[in-house]
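S.K.: I'd like to ask some things about the structure below.
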Amino acid sequence: MLQKWAELEVFHKFTLSIGIIAAVVLTYWFAVIGTINKKSDDLEARIESWHSIYVWMQDAVPRIKAYQDSDSAKGVSDKKIHTLVSETVNRYRLKNAVKKIDKTGTNAVKVSFDDAPFDTVIQWISYLKNTYKVSTVSATIKKSKTRGMVNGALTLEAPQ
Numbered sequence: 001m002l003q004k005w006a007e008l009e010v011f012h013k014f015t016l017s018i019g020i021i022a023a024v025v026l027t028y029w030f031a032v033i034g035t036i037n038k039k040s041d042d043l044e045a046r047i048e049s050w051h052s053i054y055v056w057m058q059d060a061v062p063r064i065k066a067y068q069d070s071d072s073a074k075g076v077s078d079k080k081i082h083t084l085v086s087e088t089v090n091r092y093r094l095k096n097a098v099k100k101i102d103k104t105g106t107n108a109v110k111v112s113f114d115d116a117p118f119d120t121v122i123q124w125i126s127y128l129k130n131t132y133k134v135s136t137v138s139a140t141i142k143k144s145k146t147r148g149m150v151n152g153a154l155t156l157e158a159p160q
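Our numbering puts the last residue of the sequence shown at 160; the count rises by one with no breaks.
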């Protein structure tokens with residue numbers, strides 16, 4: 001091979017050298033730079049997904065504040081917390097999502113739900129707080145596989 005190279009004219013050696021350099025540069029470009037571009041595209045898609053979740057949460061904040069500031073609280077009065085929660089679950093059309101309402105004390109219940117609309121759950125919690133002074137003692141809310149839906153459990157307590 002070296003003998004063939006030695007037999008080539010300078011012009012051909014120069015042309016062949018440029019071709020080899022171009023092949024090396026193109027190989028580098030497709031192997032390294034192409035991979036970096038692919039990873040960059042993947043990262044941009046993840047950021048876009050996170051941004052949409054951020055926008056969704058930002059949109060929920062004014063609604064939550066509006067529900068917190070609405071109507072003066074009435075208090076539970078004669079109604080037992082279990083009855084109140086059951087009635088308001090029906091009013092907010094969460095009956096199919098609520099799996100269990102367990103009494104945890106004389107004035108507290110634990111509500112478990114699956115695939116409940118996030119906005120509706122927040123509206124319902126706000127309604128109970130603002131209308132009946134029912135406080136949320138603990139809350140575990142996780143995003144469901146279905147968009148806009150959540151799974152979770154709440155411990156609600158009525159004032160004594």
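Positions of the beta carbon are idealized from the N, C-alpha and C atoms, including for glycine.
Please confirm whether Glu157 and Asn107 have their CB atoms less than 7 Å apart.
M.R.: yes
S.K.: What does the alpha-carbon distance come out to for the pair Ala23 and Glu48?
M.R.: 36 Å
S.K.: Going by DSSP, what residues sit across from Gly152 in a beta bridge?
M.R.: Residue pairing for Gly152: DSSP places it in a beta bridge opposite Phe113, Ile141.
S.K.: Just to confirm the assignment, what range does the alpha helix (DSSP H) spanning Ile221 have?
M.R.: Residue numbering for the chain in the displayed model covers 1 to 160; residue 221 lies beyond these limits and cannot be assessed.
S.K.: Should Val98 be counted as a contact of the ligand PLP given a C-beta to heavy atom distance under 6 Å?
M.R.: For the ligand PLP, the structure offers nothing, since it holds no ligand at all.
S.K.: Within 8 Å, do at least three Cβ pairs link the stretch 82-93 to the stretch 42-60?
M.R.: In the pairwise beta carbon analysis, the stretch 42-60 is classified as not touching the stretch 82-93: fewer than three pairs are separated by under 8 Å.
S.K.: Quick one, are the C-beta atoms of Ile121 and Leu128 less than 7 Å apart?
M.R.: The displayed chain sequence assigns Val, not Ile, to residue 121. The answer is no: Cβ separation not under 7 Å.
S.K.: Applying the criterion that 16 or more other CB atoms from any shown protein chain within 10 Å of the CB defines a buried residue, is Ser52 buried or exposed?
M.R.: Counting Cβ neighbours within 10 Å, Ser52 comes out exposed, since fewer than 16 surround it.
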